[in-house]
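Structure (structure tokens):
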């Protein structure tokens, strides 16, 4: 799957927003938010996306994570909330690409791309039409400047 | 240390309140919030208490957890926030007892008592006067009915 | 429930042993093993106890944690494994008390007492005879010296 | 950075091995090892790599994670240990690529590629010669078949 060059670097580009309170246990020995723990924030925003974008019926088709890529762009701190932006970057026949941005105090700390595969009975299957149109409604806004 | 029979069973009894967003990763295999993960919520509210109740100078005296007791009174769920109440239940010469209540949707899910010891150079020391008066200002309200 | 004065302070007193490898993510900002994370080690050893002490049939009666008490006696470090000892300290009509010791390099770092309640259909029930005799076989050794 | 097509799919290809015991708390609601928690296993094996491959002096140059990519190839289970393989896949001027394989019962469950950047005073710097030769000694074995 080709990964688009620049998913949203501003929170406003993402259709679905999730606020997460940080915990003292999210910090590592350097006093900033642990790199792996940031993965938990993306996971939480992904779960929130599912709840908002999909109705229950469509969740019957199981969606599996095939690949996760995290980019680290800045250091986060406790205390203070994290703002997550989540949206869809690309839709293929049986898989789609989710893009996420992680912000604290307006600063972009990281981005995540997730390759998700639609499966039925343990095998990849075409994305159902209804799910495809739901995903399309949750696209990340790309603001091209001429 | 004698542990008082009933610390606050209502959020309003606690001087310091902390809101924590739950995470999908806080759930266990039964679909409710994991018992041990609740310990992380108490830890987070305790850290918040320190920040609000103590000024930086007093944090030089190191406060150590000597004993933690969790009572489990109900099951919590994701998604949804947790409301924590934290306050002081008892003050002794070199130690004090912190009481905490964990609430979700107004229901008391658990309580925690923590025995905290004031130390200097690795040994227990008397609680400094200024810290003692700060702790006293953060007492849990006990509403005795005649 | 009366809590016995001294459960096992030596690993050899416990009938069931569990080895857990520590993780760099178990450390807190002070460079030692996080107090709350130690709770995960006790949880892991408790799960291991269930698997070794109970057969599948008896696990149908659901056992709930009613109260957990952790005592902190020393600081643990990463890297290096943790040795856990787990056994039964007391058996009542519908509840029992589990005792655990947490050791690193032969040093006792903490102890945990857990009040566990036997339930059926969401209500406390008498401990079945077969489970009672299984629990009795897993008692913590008390070495009284005259 | 070009990411090589196939880092080691066998544990024997990796110069440094790390054994990690899984925890009941590593499981998600589906009863298998949580995808994000697998990230903790890679982190642990990376820390173990640093300890084995670098001497203390070289750790003065701070190595930062710039990008992490996880591939999910199979489901892991508790209880049971995880075997991690860690090695170096590519060395550039100021960055290098670490490759890792995650195995359970001999089955490859996932792979991780980490782009690591060498920094001094908060800015990317050339990899020191001594570190470069250390990294070269920890290369992943590539078994090309004609």
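Chains as they are written, first to last, in my numbering: chain B, 1 to 146; chain Y, 147 to 292; chain C, 293 to 438; chain R, 439 to 584.
Each residue gets a CB set at the ideal place from its N, CA and C atoms; glycine is no exception.
As the structure is a computational prediction, the values presented were derived from the model and not from experiment.
Any beta carbon of chain Y sitting closer than 8 Å to that of residue 47 of chain B? Residue 47 of chain B counts as touching chain Y.
Quick one, which of C/343, C/413, C/356, C/376 has its alpha-carbon nearest residue 314 of chain C's? Answer by Cα proximity: C/376.
Any chain B beta carbon closer than 8 Å to residue 167 of chain Y: For residue 167 of chain Y, at least one C-beta of chain B is nearer than 8 Å to its own C-beta.
Alpha helix (DSSP H) runs contained entirely in the stretch 443-493 of chain R, provided each spans 4 or more residues: Whole alpha helix (DSSP H) segments, 4+ residues: 473-491.
Are residue 546 of chain R and residue 512 of chain R touching if we call contact CB-CB under 8 Å? Contact: yes.
Residue 472 of chain R touches chain Y at which residues, Cβ-Cβ below 8 Å? Per Cβ cutoff of 8 Å: 171.
Tell me which same chain residues have a C-beta within less than 6 Å of the C-beta of residue 438 of chain C, skipping the five on either side of it? Legend: pLDDT at residue 438 of chain C = 37, less than 50; position of this residue unreliable, value from coordinates given subsequently. Excluding residues within five positions, none has a Cβ falling inside 6 Å.
Given 8 Å as the limit, is there contact between the stretch 257-272 of chain Y and the stretch 309-324 of chain C, that is, 3 or more CB pairs closer than that? Result no; under three Cβ-Cβ pairs closer than 8 Å.
What residues from chain B crowd round residue 221 of chain Y, counting only those whose CB sits closer than 8 Å? Under the 8 Å cutoff, chain B gives no residues; its nearest Cβ is about 19 Å from residue 221 of chain Y.
If contacts are defined as beta-carbon pairs under 8 Å, then residue 364 of chain C and residue 327 of chain C qualify, I think. What distance do you get, rounded to the angstrom? Right, their Cβ atoms sit about 6 Å apart.
On the three-state DSSP scale, how would you describe residue 385 of chain C? For residue 385 of chain C, the secondary structure class from DSSP, reduced to helix, strand or coil, is coil.
Counting only beta-carbon separations shorter than 8 Å, does residue 335 of chain C have a partner in chain R? Interface residue, yes.
Could you check what DSSP says for residue 573 of chain R in three-state terms: helix, strand or coil? It is helical.
Pairwise C-alpha distance: residue 239 of chain Y and residue 207 of chain Y: A straight-line Cα-Cα distance of about 14 Å links residue 207 of chain Y and residue 239 of chain Y.
Assign residue 229 of chain Y to one of three DSSP states: helix, strand, or coil. For residue 229 of chain Y, the secondary structure class from DSSP, reduced to helix, strand or coil, is strand.
Residue burial classification, residue 295 of chain C (beta-carbon count within 10 angstroms, cutoff 16): Here the model assigns residue 295 of chain C a pLDDT of 44, short of 50, so the residue's position is not dependable, and the following value carries that caveat. With fewer than 16 other Cβ atoms within 10 Å, it is exposed.
Other residues of its chain near residue 316 of chain C: CB distance less than 7 Å, five sequence neighbours each side excluded: Here the set comprises 370.
Using a cut-off of 9 Å between C-beta atoms, extract the partners of residue 72 of chain B located in chain R. The CB of residue 72 of chain B comes closer than 9 Å to the CB of 502, 503, 504, 505, 506 in chain R, given here in chain order.
Which residue comes first and which comes last in the beta strand (DSSP E) that contains residue 550 of chain R? Per DSSP, residue 550 of chain R belongs to the beta strand (DSSP E) from 545-558.
Reduced DSSP secondary structure (H/G/I, E/B, other) of residue 67 of chain B: Residue 67 of chain B carries a strand assignment under DSSP once its states are collapsed to helix, strand and coil.
Residue 176 of chain Y: buried (16+ other C-beta within 10 angstroms of its C-beta) or exposed? Burial call: exposed.
Reference residue 196 of chain Y, options Y/288, Y/287, Y/281, closest by Cα: Measuring from the Cα of residue 196 of chain Y, the nearest candidate turns out to be Y/281.
Which residue or residues does DSSP assign as beta-bridge partners of residue 380 of chain C? Looking at the DSSP output, residue 380 of chain C bridges to C/390, C/431.
Residue 99 of chain B: buried (16+ other C-beta within 10 angstroms of its C-beta) or exposed? Buried is the call here.
Compare the C-alpha of residue 272 of chain Y against each of Y/173, Y/209, Y/288 and name the closest. Comparing Cα positions, the closest option is Y/209.
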